[in-house]
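**Student:**
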Amino acid sequence: SVLGGIETTPRETGPTACIQSSITERWPRSGVDEALCGLRFLAIGDWGVTLPDMDKTKNWRQAEVAIAMDTWASEHGDLDFIISTGDNFYPRGVQSNDSLRFRVSWKDVYNLYHLTRVPWYIALGNHDYHLGSDDRELRQVEHSRLDPAWKCPHLWYERTWTVGLTTLQIIVIDTTALKFGRHQPSVQFSWIQRQLSQSDADWKILVTHHPIYSVGLNGPSDKFLVKYILPVAEKYGVDVVLSGHDHALEHIRRSDGGGPDFVISGAGGKELYDENRHFVEKLNKAGLSLHLYRKDNGFVAFDVKNNALSVGFYDRTNRLLHNFTHWKGIGYRQMHSLDLQ
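Residue numbers (my numbering): 232 to 572.
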């Protein structure tokens, strides 16, 4: 079969289990009033820059973001998990499931009080692939069996949490595999459609490494994702498409208020990209509005509580740059950007 002109005949390179990973988790912890509880998590991407024996002056971006994340967690209370939007190990992933990079680029950098106490849910990026024949991207899946904090059970998977009186579903997909014809893309695409069409979650977040829209280096749109992923995301009520790939913090949404919010958290440690004003104009003509572009390293914070989903963008000093809140059932969104000029 063919998806977007890409041959999708099944290959013998992927784990057969990668097409099925669905777990529902109860929240909150025992003893907490469900009517008052919330779920807090952070998202970073494009962070895995630290190499063995690297001069520490060269990974300062990643280290400062880690400190800011830990500070945020100490100020906001319980942190429940962290999402990586991909590009976990520059420049070309890891070659073994027990690679030294898991310690040097991940464990050692984020060895801070609040960050070591929560699981990380992992998406893969293009730099986690070699795009050769060694399937090194699967080494990160295999590492999940060695470290319970590294949650990458398959190349694509989903998790659903009960959060007080509501439910949150996070669907992680592998856009590199889709775009470059790896690991049975037609099977993954069918899985995405099935997960979204059958979902009855109150909140749905779709995690894609490659952004659908951006005004950074890789903008203004990804034609493949616009053709194949955006329609199903809109049809089945995805609330947020969370991505990385462009090294910045971004928030884009339709000017008419419909469809998902496009959140880019790709500023976890790599060198940053400039905003492209020509791309902004193109998106405006297409009916989209840019609410934030910040060329600074940082992260994005999510807080889900009953009928509200709040999203905040923070720089590497833990300074709030921009936030927005959705209220489910009200159809209303509130946004606020701080004037930091």
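Think of the CB as a built atom: it goes at the ideal place given N, C-alpha and C, for glycine as much as any other residue.
When DSSP labels each residue in this structure, what does GLU389 get in the three-state scheme?
**Tutor:** For the purposes of this step, residue 389 is identified with residue 158 of the sequence shown, where counting begins at 1. If DSSP states are grouped into helix, strand and coil, GLU389 belongs with the strands.
**Student:** Which same chain residues end up closer than 7 Å to THR548 when comparing Cβ atoms and leaving out the 5 residues on each side of it in sequence?
**Tutor:** Taking the sequence shown and counting its residues from 1, one reaches residue 548 at position 317. Closer than 7 Å at Cβ, skipping near neighbours: ALA299.
**Student:** At a cut of 8 Å, does the stretch 344-357 reach the stretch 280-295 through at least three beta carbon pairs?
**Tutor:** In short, these stretches do not touch, since the Cβ pair count stays below three.
**Student:** For the pair the stretch 495-505 and the stretch 397-407, tell me if three or more CB-CB distances fall below 8 Å.
**Tutor:** Segments in contact, no.
**Student:** Let me check one thing: in DSSP terms, what residues is HIS414 bridge-paired to?
**Tutor:** Start at 1 with the first residue of the sequence shown, and residue 414 comes out as number 183. HIS414 pairs with nothing; no bridge assigned.
**Student:** Can you tell me which of ASP378, GLY450 and ILE483 puts its alpha carbon nearest to the alpha carbon of PHE333?
**Tutor:** Along the sequence shown, one-based indexing puts residue 333 at 102. Residue ASP378 is the option with its Cα nearest to PHE333.
**Student:** Give me the residue from ASP492, GLY450 and GLY529 with the minimum Cα distance to GLU465.
**Tutor:** Here residue 465 is taken as the residue at index 234 of the sequence shown, counted from 1. Cα-wise, what sits closest to GLU465 is ASP492.
**Student:** For TYR578 and TRP303, which I take to be in contact (beta-carbon distance under 8 Å), what is that distance rounded to the nearest angstrom?
**Tutor:** No statement about residue 578 is possible, as the shown extent of the chain runs from 232 to 572 and does not include it.
**Student:** By the three-class DSSP mapping on this structure, what secondary structure does ARG367 have?
**Tutor:** As a first step, residue 367 must be located in the sequence shown, where it is residue number 136. Residue state, collapsed to three classes: coil.
**Student:** Below 8 Å between beta carbons: does that hold for VAL531 and GLY543?
**Tutor:** Position 300 of the sequence shown, counted from the first residue, corresponds to residue 531. Position 312 of the sequence shown, counted from the first residue, corresponds to residue 543. Yes, they are a contact pair.
**Student:** Suppose the cutoff is 6 Å on Cβ atoms and the five residues either side in sequence are ignored; what does the same chain contact list for GLY447 look like?
**Tutor:** Against the sequence shown, residue 447 aligns to sequence position 216. Cβ neighbours of GLY447 beyond the five flanking positions: ASP477, ALA479 and TYR504.
**Student:** Could you tell me the distance, in whole angstroms, from the CA atom of GLY489 to the CA atom of ASP470?
**Tutor:** Here residue 489 refers to the residue found at position 258 of the sequence shown. Here residue 470 refers to the residue found at position 239 of the sequence shown. One C-alpha to the other measures close to 10 Å.
**Student:** Taking all protein chains shown into account, decide if SER435 is buried (16 or more other Cβ within 10 angstroms of its Cβ) or exposed.
**Tutor:** To locate residue 435, count along the sequence shown from 1; it is residue 204. As written in the sequence, residue 435 is Lys, which differs from the Ser given in the question. So LYS435 counts as buried.
**Student:** Beta-carbon within less than 8 Å of GLY308's beta-carbon, same chain only, minus the 5 sequence neighbours each way: which residues are those?
**Tutor:** Indexing the sequence shown from 1 puts residue 308 at position 77. The residues are ARG271.
**Student:** Tell me whether LEU355 sits in a helix, a strand or coil according to DSSP, three-state version.
**Tutor:** As a first step, residue 355 is located in the sequence shown; it is residue number 124 there, counting from the start. Coil at LEU355, not helix or strand.
**Student:** Express the C-alpha separation of GLN326 and THR556 in angstroms, rounding to a whole number.
**Tutor:** Locating residue 556 in the sequence shown gives position 325, counting from the first residue. Locating residue 326 in the sequence shown gives position 95, counting from the first residue. Roughly 41 Å separates the two Cα atoms.
**Student:** Could you tell me which of HIS345, ILE314, GLY279 and ASP453 sits nearest to LEU576, measuring between CA atoms?
**Tutor:** Given a span of 232 to 572 for the chain in the structure shown, any question on residue 576 remains unanswerable.
**Student:** Alpha carbon to alpha carbon, how far is VAL372 from VAL463?
**Tutor:** The count along the sequence shown starts at 1 and reaches residue 372 at position 141. The count along the sequence shown starts at 1 and reaches residue 463 at position 232. One C-alpha to the other measures close to 26 Å.
**Student:** In whole angstroms, give me the CA-to-CA distance for ASP311 and GLY450.
**Tutor:** Your numbering for residue 311 matches position 80 in the sequence shown. Your numbering for residue 450 matches position 219 in the sequence shown. Those two C-alpha atoms are separated by around 32 Å.
**Student:** Let's test the definition: count the other Cβ atoms within 10 Å of the Cβ of SER496 and tell me whether it reaches 16, buried, or not, exposed.
**Tutor:** The residue labelled residue 496 in the question sits at position 265 within the sequence shown. It is buried - the Cβ of SER496 has at least 16 other Cβ atoms within 10 Å.
**Student:** Tell me the residue span of the alpha helix (DSSP H) that contains TYR545.
**Tutor:** Indexing the sequence shown from 1 puts residue 545 at position 314. Per DSSP, TYR545 belongs to no alpha helix (DSSP H); it is in the beta strand (DSSP E), 539-546.
**Student:** Taking the Cβ atom as the reference point for each residue, do HIS522 and GLY475 lie within a distance shorter than 8 Å?
**Tutor:** The residue labelled residue 522 in the question sits at position 291 within the sequence shown. The residue labelled residue 475 in the question sits at position 244 within the sequence shown. Result no, Cβ atoms of HIS522 and GLY475 do not sit closer than 8 Å.
**Student:** Check each candidate in ARG550, PHE533 and LYS516 and name the one with the smallest Cα separation from ALA274.
**Tutor:** By 1-based counting over the sequence shown, the position of residue 274 is 43. Selected option, being the one with the closest Cα: PHE533.
**Student:** What are the boundary residues of the beta strand (DSSP E) that LEU282 is part of?
**Tutor:** Translated into positions along the sequence shown, residue 282 becomes position 51. Per DSSP, LEU282 belongs to no beta strand (DSSP E) and is neither H nor E.
**Student:** Determine the DSSP secondary structure at ILE495, reduced to helix, strand or coil.
**Tutor:** Here residue 495 corresponds to residue number 264 of the sequence shown, with the count starting at 1. Reduced to three states, the DSSP call for ILE495 is strand.
**Student:** Quick one: measure Cβ to Cβ for GLY356 and GLY317, integer angstroms, because I've assumed they're closer than 8 Å.
**Tutor:** Counting from one through the sequence shown, the residue named residue 356 turns up at place 125. Counting from one through the sequence shown, the residue named residue 317 turns up at place 86. Right, the Cβ-Cβ distance comes to about 3 Å (below 8 Å), so this counts as a contact.
**Student:** Taking VAL324 as the reference, give the member of VAL280, SER520 and TRP422 with the closest Cα.
**Tutor:** As a first step, residue 324 must be located in the sequence shown, where it is residue number 93. Position check: residue 324 holds Gly in this sequence, whereas Val was assumed. Nearest option by C-alpha distance: VAL280.
**Student:** In whole angstroms, what is the alpha-carbon distance linking PRO283 and SER330?
**Tutor:** Position 52 of the sequence shown, counted from the first residue, corresponds to residue 283. Position 99 of the sequence shown, counted from the first residue, corresponds to residue 330. Spanning the two alpha carbons is a distance of roughly 11 Å.
**Student:** Please check the pair HIS345 and SER305, which I expect to be a contact at CB under 8 Å, by giving their CB distance rounded to whole angstroms.
**Tutor:** Taking the sequence shown and counting its residues from 1, the one referred to as residue 345 is at position 114. Taking the sequence shown and counting its residues from 1, the one referred to as residue 305 is at position 74. Indeed they touch by this definition, with Cβ atoms about 6 Å apart.
**Student:** Just confirm the distance between the C-beta atoms of TYR341 and ALA408, as a whole number of angstroms; I'd bet it's less than 8 Å.
**Tutor:** Translated into positions along the sequence shown, residue 341 becomes position 110. Translated into positions along the sequence shown, residue 408 becomes position 177. With 8 Å as the limit, TYR341 and ALA408 do not qualify as a contact, their Cβ atoms being about 26 Å apart.
**Student:** Mind checking GLY276: buried by the 16 CB within 10 Å criterion, or exposed?
**Tutor:** Walking along the sequence shown from the start, residue 276 turns up at place 45. The residue in question, GLY276, is buried, as its Cβ has 16 or more Cβ neighbours within 10 Å.
**Student:** Leaving out five residues on either side along the sequence, give the residues of the same chain with a beta carbon under 7 Å from the beta carbon of ASP301.
**Tutor:** Translated into positions along the sequence shown, residue 301 becomes position 70. Answer for ASP301: LEU343, TYR344, HIS345 and LEU346, listed in chain order.
**Student:** With a threshold of 6 Å on Cβ separation, who are the neighbours of ASN319 within its own chain once the five nearest residues in sequence on each side are excluded?
**Tutor:** Against the sequence shown, residue 319 aligns to sequence position 88. So the list reads GLY279 and ASP359, once near-sequence residues are dropped.
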